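Colleague: I am attaching a structure below and will ask some questions about it afterwards.
There are 2 protein chains.
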Amino acid sequence: MNIPQSSNPRFVIIGGGFGGIALAKKLRDKEAQVVLLDKHNYHNFQPLLYQVSTGGLEPDSIAYPIRKVLQGYPNFYFRLANVLEIDTNKRKISTNIGDINYDYLVVATGSQTNYFGNKGIEAMGMAMKTIPQSLNLRSLILENFEQALLTDDLHARDALMNFVIVGGGPTGVELAGALAEIKKGILPKDYPDLDTRRAQINLVQAGDRLLPAMSEVASRKAERFLEELGVNVWKNIRVADYDGLHVTTDTDTSFNTATLVWAAGVSAVSIKGLDAKEFLCRGNRLKVNEFHQVEGFKEIFAIGDVAQMETEDFPNGHPMMAQPAIQQGRNLGDNLVRLLENKPMKPFVYKDKGSMATVGRNKAVVDLPKVKFQGVFAWFVWMFVHLYFLIGFRNRVVVFINWVYNYVRFDREARLIIRPFKKQNQVDRNKLMQD
Amino acid sequence: MNIPQSSNPRFVIIGGGFGGIALAKKLRDKEAQVVLLDKHNYHNFQPLLYQVSTGGLEPDSIAYPIRKVLQGYPNFYFRLANVLEIDTNKRKISTNIGDINYDYLVVATGSQTNYFGNKGIEAMGMAMKTIPQSLNLRSLILENFEQALLTDDLHARDALMNFVIVGGGPTGVELAGALAEIKKGILPKDYPDLDTRRAQINLVQAGDRLLPAMSEVASRKAERFLEELGVNVWKNIRVADYDGLHVTTDTDTSFNTATLVWAAGVSAVSIKGLDAKEFLCRGNRLKVNEFHQVEGFKEIFAIGDVAQMETEDFPNGHPMMAQPAIQQGRNLGDNLVRLLENKPMKPFVYKDKGSMATVGRNKAVVDLPKVKFQGVFAWFVWMFVHLYFLIGFRNRVVVFINWVYNYVRFDREARLIIRPFKKQNQVDRNKLMQD
Chain A
1 MNIPQSSNPR FVIIGGGFGG IALAKKLRDK EAQVVLLDKH NYHNFQPLLY
51 QVSTGGLEPD SIAYPIRKVL QGYPNFYFRL ANVLEIDTNK RKISTNIGDI
101 NYDYLVVATG SQTNYFGNKG IEAMGMAMKT IPQSLNLRSL ILENFEQALL
151 TDDLHARDAL MNFVIVGGGP TGVELAGALA EIKKGILPKD YPDLDTRRAQ
201 INLVQAGDRL LPAMSEVASR KAERFLEELG VNVWKNIRVA DYDGLHVTTD
251 TDTSFNTATL VWAAGVSAVS IKGLDAKEFL CRGNRLKVNE FHQVEGFKEI
301 FAIGDVAQME TEDFPNGHPM MAQPAIQQGR NLGDNLVRLL ENKPMKPFVY
351 KDKGSMATVG RNKAVVDLPK VKFQGVFAWF VWMFVHLYFL IGFRNRVVVF
401 INWVYNYVRF DREARLIIRP FKKQNQVDRN KLMQD
Chain P
1 MNIPQSSNPR FVIIGGGFGG IALAKKLRDK EAQVVLLDKH NYHNFQPLLY
51 QVSTGGLEPD SIAYPIRKVL QGYPNFYFRL ANVLEIDTNK RKISTNIGDI
101 NYDYLVVATG SQTNYFGNKG IEAMGMAMKT IPQSLNLRSL ILENFEQALL
151 TDDLHARDAL MNFVIVGGGP TGVELAGALA EIKKGILPKD YPDLDTRRAQ
201 INLVQAGDRL LPAMSEVASR KAERFLEELG VNVWKNIRVA DYDGLHVTTD
251 TDTSFNTATL VWAAGVSAVS IKGLDAKEFL CRGNRLKVNE FHQVEGFKEI
301 FAIGDVAQME TEDFPNGHPM MAQPAIQQGR NLGDNLVRLL ENKPMKPFVY
351 KDKGSMATVG RNKAVVDLPK VKFQGVFAWF VWMFVHLYFL IGFRNRVVVF
401 INWVYNYVRF DREARLIIRP FKKQNQVDRN KLMQD
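Below, the structure written as structure tokens:
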């Protein structure tokens with residue numbers, strides 16, 4: 001991989017997400033060589049992907065070049081690479097651009113959409129875990145409306161204007177709210193020759209409440225906000241299958257839709273060589289101890305979504321969200337410095353800073369450790385926190401400007417099909433509609 | 001195409017570029033049904049594409065949804081469509097989404113890259129006429145540097161870091177200048193483990209001066225600006241061929257480069273049915289009279305790059321730039337209104353407002369009808385004019401913020417490979433390098 005030998009120990013970090021970046025920052029100017037590998041050349045701010053999908057933000061505003069994060073970090077090497085396999089005996093990583101040895105390895109590969117083995121949904125549904133996926137969804141939504149204009153078949157037109165979002169976590173709730181706002185504020189102006197009131201936004205949740213990781217009051221309020229916006233909230237329904245048009249469930253309820261967004265589960269991104277059953281917990285997470293060491297290894301660590309540190313408060317590991325990843329990255333960074341200085345490592349203690357979700361304009365829910373609130377103030381808190389955690393001054397300013405503009409104008413201007421999206425079997429879908 | 005019948009005459013406009021949009025605005029609230037067709041759902045501000053390619057701007061900032069332009073225009077219908085053929089006898093347009101009849105037709109299809117029949121350059125070179133093309137070029141530039149890191153073969157590494165831009169018009173000059181600034185300001189920081197001083201930016205011009213459409217003093221000054229930035233300017237050299245690595249010319253000079261950008265020519269986008277030899281001038285432009293009527297038709301008009309109106313001052317038609325397109329669109333719009341009111345049409349008179357090009361920070365050249373100037377003030381004028389003509393308040397603010405940021409920080413943050421680019425024959429290129 002063309003990385004110079006060094007007399008310092010080599011730390012290889014796989015993944016430039018919240019955890020990997022937080023960790024890397026701690027290793028600046030230390031007696032270590034650090035190699036960061038990622039399959040993208042940018043860090044991406046996943047909590048705002050739904051705004052890219054719904055034309056509220058430009059993709060570049062929520063991404064940040066990893067090389068820029070590492071500017072002025074001596075002994076740091078970034079490589080754009082797909083990791084293929086890890087040989088834990090030889091301490092060697094194989095990638096598409098060659099092999100690399102490590103002294104210490106940090107796995108921070110994050111998570112990916114989990115379809116729980118459902119091939120139909122995987123083939124025909126949309127995911128929203130990466131920027132390209134979010135742009136595909138944006139294109140599909142816009143293309144659906146363009147296509148709806150062209151048909152006189154009411155059945156087909158309704159399917160094109162119906163949306164089914166599966167999963168009542170923050171992603172599902174936020175996307176459903178944003179689509180409802182588009183339906184209300186933009187569609188009637190953009191498509192005066194289409195009866196856009198017929199567009200339906202359905203949010204389907206398997207459990208008995210939305211935002212199950214938040215408080216009961218947040219769940220209740222989020223549901224009420226969504227209903228105010230005209231979203232159909234379906235609870236206690238489990239989506240069974242999807243063929244590109246028909247959604248079946250475990251109940252009598254079914255949907256006809258050209259767009260199913262699957263936000264109902266993630267699993268950790270495992271790597272060959274570290275994916276033996278003994279390492280993995282539910283959802284492919286790697287079991288780690290309180291120092292983030294992967295069970296059975298002293299020199300392999302895991303942080304963020306991919307790591308499962310079982311504690312009294314979190315018997316199944318910490319939530320797969322930005323905050324635990326950032327805190328774990330920082331803790332591990334400090335510990336690796338201690339390791340270099342031959343000092344004992346300190347166990348990780350998670351500090352719950354609360355959680356939040358936004359449903360729409362002036363509508364958000366916030367659970368802080370000591371206080372819970374909803375509505376306008378919560379919405380401002382949500383925006384402030386997201387701006388604060390966004391990397392890069394320019395990104396913050398541009399996102400802020402966009403939000404002010406969208407707020408004042410009830411608009412989202414980035415509704416551009418720059419990346420036309422074709423489902424691999426769109427033809428089949430058209431055929432389905434004729435049936 | 002599912003467009004309602006109307007008692008008013010139907011105007012079909014093909015193309016939502018500068019000309020088509022300027023024209024459409026004139027027809028608002030008139031006794032006409034207007035159908036605008038475009039293969040994209042957005043208008044795109046072509047003069048700033050090079051800033052998308054070089055990471056200075058986000059693509060969404062220089063694009064604007066066509067439906068938003070037409071919001072609140074009664075009797076306007078936008079359709080996302082590829083026009084396939086025109087039957088001028090039946091006054092019928094065939095598209096990928098069905099047929100449509102017209103009473104009056106306006107062809108505003110613009111221009112595309114012209115390779116003058118050179119298959120090698122077409123296959124292996126990069127164009128920069130659309131947003132997807134600009135994003136592909138951005139990805140290729142960044143991928144080249146990532147790849148350069150991985151090789152010890154100095155020959156291959158140089159080819160990856162060399163850039164050949166063919167064409168000394170505004171596009172070539174502006175792209176060369178931007179790349180030179182990246183080489184100076186960003187590469188050494190982003191790639192500390194690469195000797196980025198070896199990166200070469202070559203601008204190759206067939207004629208004996210750059211910016212041939214501008215004044216001699218502008219040409220001279222632009223060339224000096226480029227040389228100050230370290231660009232190699234080659235004049236009186238005609239590029240002959242390119243195989244993905246070797247550039248041959250009509251002289252002894254040759255280049256090894258993984259990136260050839262072809263900005264040396266455009267031709268009008270013609271449509272089947274209107275492409276008979278009798279209609280077409282050089283570069284596939286449609287010959288029109290002073291009312292923009294295509295020769296031989298009273299009901300078919302052409303404006304912008306696709307139209308060639310031969311006048312005393314412009315025996316080969318007006319320059320293929322934004323200003324003539326906008327002015328022609330407005331003039332034709334007024335004339336179509338006169339036509340509806342049974343008034344005589346007024347011939348088009350082009351008002352030359354001057355031209356300008358920017359080379360880099362504080363370096364631009366401006367030719368106004370009465371005064372020519374270069375340097376810092378010219379650069380501010382260039383920015384002001386481009387912001388002014390950009391459509392959309394949000395776009396203007398976001399572009400302005402980006403420019404201020406880039407100016408203050410000597411930076412361009414949108415250097416993201418969101419759309420990984422694979423040349424169809426990249427494998428061949430790798431093979432070439434081994435030879």
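Just so you know, the protein sequences line up as chains A and P, in that order.
Here the first sequence stands for residues 1 to 435, where the numbers follow my numbering.
Here the second sequence stands for residues 1 to 435, where the numbers follow my numbering.
Quick reminder that beta carbons are idealized off the backbone N, C-alpha and C, glycines included.
Only a predicted model underlies this, so the values are computations on that prediction, with no experimental measurement involved.
Using 8 angstroms for Cβ pairs, my map puts A263(A) next to G177(A). What's the rounded Cβ distance?
Modeller: Between G177(A) and A263(A) the Cβ distance is about 13 angstroms, and since that is not below 8 angstroms, they are no contact.
Colleague: Flag this pair as yes or no: are the beta carbons of T151(A) and N2(P) separated by less than 9 angstroms?
Modeller: Going by C-beta atoms, T151(A) is nearer than 9 angstroms to N2(P).
Colleague: Could you confirm whether any beta carbon from chain A is found closer than 9 angstroms to the beta carbon of F279(P)?
Modeller: No, because no Cβ of chain A sits closer than 9 angstroms to the Cβ of F279(P).
Colleague: Please report the straight-line C-alpha distance between T54(A) and Y64(P), rounded to a whole angstrom.
Modeller: In a straight line, the C-alpha of T54(A) is about 15 angstroms away from that of Y64(P).
Colleague: With DSSP as the reference, please indicate the residues paired to E85(A) in a beta bridge.
Modeller: Looking at the DSSP assignment, E85(A) forms a beta bridge with S94(A) and K272(A).
Colleague: Note down, in chain order, every chain A residue with its Cβ under 7 angstroms from the Cβ of G17(P).
Modeller: In chain order: nothing, as chain A lies at least about 15 angstroms away.
Colleague: Compute the distance between the beta-carbons of R361(P) and W379(P), then report whether it is under 9 angstroms.
Modeller: Contact: yes.
Colleague: Would you mind telling me which residues of chain P sit closer than 8 angstroms to G392(A), beta carbon to beta carbon, in chain order?
Modeller: Residues of chain P passing the Cβ test: E413.
Colleague: Check for me: the alpha helix (DSSP H) holding V376(A) runs from which residue to which?
Modeller: First-last of the alpha helix (DSSP H) with V376(A): V376 to F389.
Colleague: Would F163(P) and T259(P) be called neighbours here (beta carbons separated by less than 9 angstroms)?
Modeller: Cβ distance < 9 angstroms, so F163(P) and T259(P) count as in contact.
Colleague: Output, in sequence order along the chain, the residues in the region 131 to 146 of chain P whose CB is closer than 7 angstroms to any CB in chain A.
Modeller: Listed in sequence order: I131, P132, L142 and E146.
Colleague: Does chain A have any CB closer than 9 angstroms to the CB of H40(P)?
Modeller: Closer than 9 angstroms to some Cβ of chain A, the Cβ of H40(P) qualifies, so yes.
Colleague: Give me the Cβ distance between G172(A) and L203(A), rounded to the nearest whole Å; I'm assuming they're in contact under 8 angstroms.
Modeller: Correct: roughly 6 angstroms between the Cβ atoms.
Colleague: Applying a beta-carbon distance threshold of less than 7 angstroms, which residues of chain P neighbour S53(A)?
Modeller: Correct list: empty, because the minimum Cβ distance to chain P is about 13 angstroms.
Colleague: Can you give me the start and stop residues for the alpha helix (DSSP H) that R224(A) sits inside?
Modeller: E216 to E228 is the span of the alpha helix (DSSP H), which, as asked, contains R224(A).
Colleague: Going by CA-CA distance only, name the one from A322(A), P347(A) and L332(A) that's closest to S355(A).
Modeller: The candidate whose alpha carbon is nearest that of S355(A) is A322(A).
Colleague: Would you grab the beta carbon distance between F348(P) and M320(P) for me? Rounded to a whole angstrom, and I think it's under 8 angstroms.
Modeller: That pair is no contact at about 16 angstroms.
Colleague: Do R419(P) and P212(P) have their beta-carbon atoms positioned less than 9 angstroms apart in this structure?
Modeller: Not closer than 9 angstroms, so no.
Colleague: Any beta carbon of chain P sitting closer than 9 angstroms to that of A63(A)?
Modeller: It does; some Cβ of chain P falls within 9 angstroms.
Colleague: Note down, in chain order, every chain P residue with its Cβ under 8 angstroms from the Cβ of Q71(A).
Modeller: What Q71(A) touches in chain P: K189 and D190.
Colleague: Under a CB-based cut-off of 9 angstroms, is F421(A) close to chain P?
Modeller: Answer no: the Cβ-Cβ gap between F421(A) and chain P never drops below 9 angstroms.
Colleague: Does the region 11 to 27 of chain P come close enough to the region 90 to 109 of chain P that 3 or more CB-CB pairs lie under 8 angstroms?
Modeller: Yes, the region 90 to 109 of chain P is in contact with the region 11 to 27 of chain P.
Colleague: For the beta strand (DSSP E) containing R10(P), name the first residue and the last one.
Modeller: Counting along the chain, the beta strand (DSSP E) containing R10(P) begins and ends at R10 to I14.
Colleague: Hey, out of N342(P), I21(P) and F116(P), whose CA is closest to T109(P)'s CA?
Modeller: Closest option to T109(P), Cα to Cα, is I21(P).
Colleague: By DSSP's criteria, D241(P) is part of a beta bridge. Which residues make up the other side?
Modeller: The partner list for D241(P) (beta bridge, DSSP) reads T248(P).
Colleague: State yes or no: is the beta carbon of T151(A) nearer than 9 angstroms to at least one beta carbon in chain P?
Modeller: T151(A) counts as touching chain P.
Colleague: Against chain P, does P9(A) count as a neighbour if the rule is that its beta carbon must be under 9 angstroms from one of theirs?
Modeller: Chain P contact via Cβ: absent.
Colleague: Which residues in chain A sit within 8 angstroms of M1(P), going by Cβ to Cβ distance?
Modeller: The answer, in chain order, is L150.
Colleague: L416(P) touches chain A at which residues, Cβ-Cβ below 7 angstroms?
Modeller: Residues of chain A passing the Cβ test: N41, Y42, D60, A63 and P65.
Colleague: Using a C-beta to C-beta distance shorter than 7 angstroms, which residues of chain A count as neighbours of I21(P)?
Modeller: Result: empty, since nearest Cβ-Cβ is about 15 angstroms, beyond 7 angstroms.
Colleague: Taking the alpha helix (DSSP H) that F145(P) belongs to, which residues open and close that run?
Modeller: Looking at the DSSP string, the run of the alpha helix (DSSP H) that includes F145(P) is I131 to A148.
Colleague: Taking one C-beta from the region 185 to 200 of chain A and one from the region 278 to 292 of chain A each time, how about it: are there three or more such pairs within less than 8 angstroms?
Modeller: No, they do not touch.
Colleague: So which residues of chain A does L80(P) contact, with C-beta pairs closer than 7 angstroms?
Modeller: Within 7 angstroms Cβ-Cβ: E146.
Colleague: Specify the secondary structure class of D411(P) as computed by DSSP and reduced to three states.
Modeller: If DSSP states are grouped into helix, strand and coil, D411(P) belongs with coil.
Colleague: Could you please give the first and the last residue of the uninterrupted alpha helix (DSSP H) stretch that includes Y50(A)?
Modeller: Looking at the DSSP string, the run of the alpha helix (DSSP H) that includes Y50(A) is L49 to S53.
Colleague: Under three-state DSSP, which class holds N232(P)?
Modeller: If DSSP states are grouped into helix, strand and coil, N232(P) belongs with the strands.
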